[in-house]
């Protein structure tokens, strides 16, 4: 379980970086950069906890998340102008790892607060996608998660596998690992082959 | 009271449809459509419950709301391209029915958690208008509810009638029905005669 | 402490005015004006309370805040067209006073719900800046707080001074006054000499 905690903090750092990069395109001041990084990294889990009534929300009880965001944001602002030194092409892959962990953690947490498997899958998707949606709202963009890429769809598949394995009687840890594997595989496949679902378009 | 529950689910379905139709104009993928439908249908009540401390929020305890949203969204995506088969002009009328029920439910729920009639009216308006405001934020539009149409104003009038009748000593059910009748009448009149309040405009 | 309560209501009124003025530029109807005024004035503290689990949120238990917003909004809409009678240039100074009080109140409230000083500073910044961020999201603007001006930075400095003085053993009231003085001084200096931090800009 301490491996999962490590992956959770790793995902927090990766999501924070994606917030910093968007803030840089919008010419924010250093504080604005921190806000956008925080919203991206812990926004989904925060909404989840407020809906479940799991308050104070998770990062109030364990400030490691905030320190990870602060340190990651500072480092990213310092090194981001030297693109040759950093393997930026690894970012989507790291994002997929963090996303898969966030979904698993969201499903698990939802099941400790209520019994419905349907709600658990929703909370997993919210934990994974909520931060990115809030980031795009703050940056005044229509959330990309909603428009294309097999992103939320991957979360939904992984969350469904997670609760499906629980219903089959697998242990909590095995079920979570199965769910994480599904989210991660679909997301990596979508990145590699540029998969996306057909969009639903109306001209009205 | 089971009639009110039915109207509540009916309003949830109608609000979900309005989310699906906006998602279609924005060319969202099927998951994005579901998110926008959910936010529109249960967003207002969710914020109300989080502010009141009524957690877990209402749709976590009763998943009927989520199933109504999922099924309504799927059906809408399937039939929306055949406009001749569907009486779309009924949508604003159905929306008015759902809105009136949402306001009544919001006022009633607020009064079970605290005593202020002022707060109860605010929570009624929030339950009715919150989802539409969140929908428009996600779609990157300035919420129409805030700009024109006698929409929120109808909610405020209905909510005030509801608490006014309670203060006059009427039963909880009678007061709610009176409030719902006011919200519905004003909203239908606004649709029929294109009523809107004068806007407050500054050139600074 | 009753002076602080008075300053809190004063800040609520000032923040409501800033919401009304933005609503006027967007040509909202009277209800939309009220919503934008409320979101600006009590939005930050509302999110703080929901995250801490301090529900029902503060303005549900004490409706003075709502009455201040309603009355301030009505008066502002009536007199705003007579610019010669009103000293509008005082608005940023009043805003700085309200902001400084909000940060102090946010830090103090956070410390009654949990122990971390880091979280307390974050909650102070959120209380001061959250309402303005929500206002700008509703008005479809990238939050100015995040882009320029030494605004959130002033909150962070004041909140840090507040918890620093507490750690040095000062009384709760003295520490809060010290923090408020720092936020106010930095903010007034930024207004007087047009200070702003360098922005973090990327061309990617």
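Chains as they are written, first to last, in my numbering: chain A, 4 to 207; chain B, 4 to 207; chain C, 4 to 207. Built from N, CA and C at the ideal position, the CB exists for glycine as well.
To which residues of the same chain is residue i closer than 6 Å at the C-beta, ignoring the five residues directly before and after it?
i	result
residue 47 of chain A	129, 130, 133, 134
residue 157 of chain C	186, 189, 190
residue 137 of chain A	42, 46
residue 15 of chain C	44, 68, 71
residue 110 of chain A	123, 127, 162, 165
residue 114 of chain B	123
residue 94 of chain C	none
residue 146 of chain B	136, 139
residue 197 of chain B	none
So who's on the other strand from residue i, going by DSSP bridges?
i	result
residue 31 of chain A	C:203
Ignore the nearest five residues each way along the sequence and tell me which others in residue i's own chain have a CB closer than 7 Å to its CB.
i	result
residue 207 of chain C	The pLDDT assigned to residue 207 of chain C is 49, lower than 50, so where the model puts this residue is not dependable, and the model offers no usable value.
residue 164 of chain B	181, 182, 185
residue 22 of chain B	39, 40, 42, 43, 44, 138
residue 143 of chain A	none
residue 8 of chain A	none
residue 159 of chain C	124, 128
residue 101 of chain C	13, 14, 17, 18
residue 79 of chain A	20, 23
If you reduce the DSSP assignment to three classes, tell me which class residue i lands in.
i	result
residue 154 of chain A	coil
residue 198 of chain B	coil
residue 146 of chain C	coil
residue 25 of chain C	helix
residue 59 of chain C	coil
residue 169 of chain C	helix
residue 51 of chain A	helix
residue 118 of chain A	coil
residue 15 of chain B	helix
residue 5 of chain A	helix
residue 84 of chain C	coil
residue 43 of chain B	helix
residue 174 of chain C	coil
residue 65 of chain A	coil
residue 192 of chain A	helix
residue 187 of chain A	helix
Within the same chain, show all residues whose beta-carbon is closer than 8 Å to that of residue i, passing over the 5 residues directly before and after it, in chain order.
i	result
residue 12 of chain C	67, 68, 71
residue 141 of chain C	38, 39, 42
residue 149 of chain A	136, 155
residue 177 of chain B	168
residue 193 of chain B	152, 153, 154, 157, 199
residue 170 of chain C	120
residue 73 of chain A	37
residue 175 of chain C	111, 169
residue 62 of chain A	45, 48, 49, 68, 69
Starting from residue i, find everything on chain F with Cβ-Cβ shorter than 8 Å and list it in chain order.
i	result
residue 145 of chain A	The structure shown contains no chain F; the protein chains it does contain are A, B and C.
Check the C-beta distance from residue i over to residue j and give it rounded, since I have them as a contact under 8 Å.
i	j	result
residue 161 of chain B	residue 96 of chain B	Incorrect: roughly 16 Å between the Cβ atoms, too far for contact.
residue 36 of chain A	residue 49 of chain A	The pair is not a contact, with the Cβ atoms about 19 Å apart (cut-off 8 Å).
residue 20 of chain C	residue 75 of chain C	6 Å
residue 55 of chain A	residue 202 of chain B	Between residue 202 of chain B and residue 55 of chain A the Cβ distance is about 40 Å, and since that is not below 8 Å, they are no contact.
residue 112 of chain C	residue 51 of chain C	7 Å
residue 17 of chain C	residue 118 of chain C	No, residue 17 of chain C and residue 118 of chain C are not in contact; Cβ-Cβ is about 32 Å, not under 8 Å.
residue 172 of chain A	residue 83 of chain A	Not confirmed; about 47 Å, so no contact.
residue 204 of chain B	residue 30 of chain C	4 Å
residue 179 of chain A	residue 53 of chain C	No, residue 179 of chain A and residue 53 of chain C are not in contact; Cβ-Cβ is about 28 Å, not under 8 Å.
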